[in-house]
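Numbering (the numbering used here), first residue to last: 61 to 188.
Worksheet for the structure shown next.
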Amino acid sequence: MLTALTFALLAGMQTPAPPDTFTDRAQRAKMIEASATGPAYQKQFWAKTGNPMTDALKGCIALSKHPDKSPFTLVADISPDGHPLNVEVRAPTPVAKCLESHFATWTFPAPPKLPDSVNYPIEIDVSM
61 MLTALTFALL
71 AGMQTPAPPD
81 TFTDRAQRAK
91 MIEASATGPA
101 YQKQFWAKTG
111 NPMTDALKGC
121 IALSKHPDKS
131 PFTLVADISP
141 DGHPLNVEVR
151 APTPVAKCLE
161 SHFATWTFPA
171 PPKLPDSVNY
181 PIEIDVSM
């Protein structure tokens with residue numbers, strides 16, 4: 061009887077939803093951007109990335125007759141040698157996915173070392 065009751069209780073329990081790693085990654089990147097080393101790296105990052113990002117975004121928009129220009133967020137980890145890893149966008153519109161594919165192939169300035177991670181998180185909010 062106790063086994064049946066235990067089984068019934070376990071069957072009725074909902075398993076918790078897995079953590080939203082995208083949101084966690086974006087929040088972590090924002091915290092690091094606001095840290096002591098964040099502004100200096102952001103300046104280096106955007107000096108190298110600004111024009112290619114604008115050009116790629118224009119190209120992605122031009123690929124569609126009626127592009128979805130909804131805002132989206134891109135998160136990525138930058139490896140110690142400047143290569144992007146784990147690039148992801150939300151909301152994954154065709155324009156966002158196109159920019160994601162470009163971003164994943166670029167090389168960025170080497171990021172500062174973090175005490176708790178090998179890679180450096182980046183978060184970019186894109187609005188058109």
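Built from N, CA and C at the ideal position, the CB exists for glycine as well.
Nothing here was measured: the structure is a model prediction, and the numbers come from that model.
8 angstroms contact criterion, which residue i and residue j should meet: CB distance rounded
{"i": "residue 121", "j": "residue 149", "result": "Contact doesn't hold; Cβ gap of about 15 angstroms is too wide."}
{"i": "residue 132", "j": "residue 153", "result": "6 angstroms"}
Reduced DSSP secondary structure (H/G/I, E/B, other) of residue i
{"i": "residue 159", "result": "helix"}
{"i": "residue 181", "result": "strand"}
{"i": "residue 136", "result": "strand"}
{"i": "residue 174", "result": "coil"}
Beta-carbon gap between residue i and residue j smaller than 8 angstroms
{"i": "residue 172", "j": "residue 180", "result": "yes"}
{"i": "residue 147", "j": "residue 164", "result": "yes"}
{"i": "residue 107", "j": "residue 183", "result": "no"}
Beta-ladder partner(s) of residue i, from DSSP
{"i": "residue 145", "result": "137"}
{"i": "residue 85", "result": "According to DSSP, which records beta bridges pairwise, residue 85 is partnered with nothing at all."}
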